[in-house]
Amino acid sequence: DLKIAHCSDAACTSATITSLDTVGSVGWDTSVTAGADGLGLITYYDLTNSGLKVAHCSDPTCTSATITSLDIGGTVGWDTSVTIGADGLGLISYYDVTNTDLKVAHCSNVVCTSATITSLDTGGSVGKMSSVTVGADGLGLISYYDDTNDDLKVAHCSNVACTSATITSLDTGGTVGRDTSVTIGVDGLGLISYYDVTNFDLKILHCENSLCVPYFRRR
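To get our numbering, take the position in the sequence shown, counting from 1, and add 19.
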């Protein structure tokens with residue numbers, strides 16, 4: 020089951036715990052954020068149906084939710100990550116196992132009962148272990164692992180729905196880029212943490228610009 024714990028205090032010494040989705044084997048690879056309506060939005064993998072699911076909480080403690088199978092074409096929905104875009108709607112990155120692609124779903128409404136779905140990077144086996152955030156420019160920034168080349172890659176969305184992106188291989192030295200996580204620093208630029216398999220190290224990358232493209236200069 021997919022379970023939810025809503026903390027009863029700031030230290031989270033106790034919580035209201037709810038089995039939110041109990042249909043089949045569900046709740047793998049979860050990610051949660053709070054929507055523009057102040058309610059939780061949760062993405063996760065449905066193992067039974069091999070698809071991406073989303074749950075929009077009906078109340079602050081998330082004791083019930085509107086649950087939607089958002090992408091069920093093949094085996095999709097691994098390694099989900101969700102954030103809220105500048106338009107107040109959910110933006111989800113995840114791995115398409117069947118086609119070995121990075122996919123993005125941009126919710127069409129706050130509840131996310133439907134979405135615009137895009138295969139964003141299709142060059143080889145890419146998109147595992149993705150993480151998504153929204154930059155100071157209001158556009159999505161996604162870090163992920165390129166399994167074909169053993170590299171850390173980043174995609175900077177070209178529009179709010181992220182139907183296209185500027186894609187860059189950021190670290191290509193050895194086997195790097197697994198277990199990525201991305202956020203935006205106080206300077207408005209991306210900060211990415213990830214695992215360097217070759218050297219058994221934690222690595223940090225600080226983007227030089229909003230696109231996270233090295234040596235980028237506007238003309």
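Think of the CB as a built atom: it goes at the ideal place given N, C-alpha and C, for glycine as much as any other residue.
Hey, quick one: how far does the beta strand (DSSP E) through residue 26 stretch, first residue to last?
Per DSSP, the continuous beta strand (DSSP E) segment holding residue 26 begins and ends at 21-26.
How about residue 188 and residue 168: are their beta carbons less than 8 Å apart?
Yes, the Cβ-Cβ distance between residue 188 and residue 168 is below 8 Å.
In terms of residues, what are the limits of the beta strand (DSSP E) holding residue 30?
Counting along the chain, residue 30 sits inside no beta strand (DSSP E), nor does DSSP assign it H or E at all.
With DSSP run on the structure shown, which of helix, strand or coil describes residue 18?
Residue 18 falls outside the range modelled here, since the chain spans only 20 to 238, and no answer is possible.
Near residue 155, which residues of its chain fall below 7 Å by C-beta distance, leaving aside the five closest residues on each side in sequence?
Same-chain partners within the cutoff: 203, 207, 229.
Could you confirm whether any beta carbon from chain D is found closer than 8 Å to the beta carbon of residue 203?
In summary, chain D is missing from the structure at hand, where a single protein chain is found.
Is it the case that the Cβ atoms of residue 151 and residue 112 are separated by a distance below 8 Å?
A contact, by the Cβ cut-off of 8 Å.
Is residue 211 buried or exposed, if buried means 16 or more other CB atoms sit within 10 Å of its CB?
Residue 211 is buried by the Cβ-count criterion.
Any idea if residue 93 is buried or exposed, counting beta-carbon neighbours within 10 angstroms, 16 or more meaning buried?
Burial is judged here by how many other beta carbons sit within 10 angstroms of a residue's own beta carbon; residue 93 has fewer than 16 and is exposed.
Let me know the secondary structure DSSP gives residue 52 once reduced to three states.
Residue 52 falls in the strand class under three-state DSSP.
Taking the C-alpha atoms as reference points, what is the distance between residue 87 and residue 28?
Answer to the nearest angstrom: the Cα atoms are 30 Å apart.
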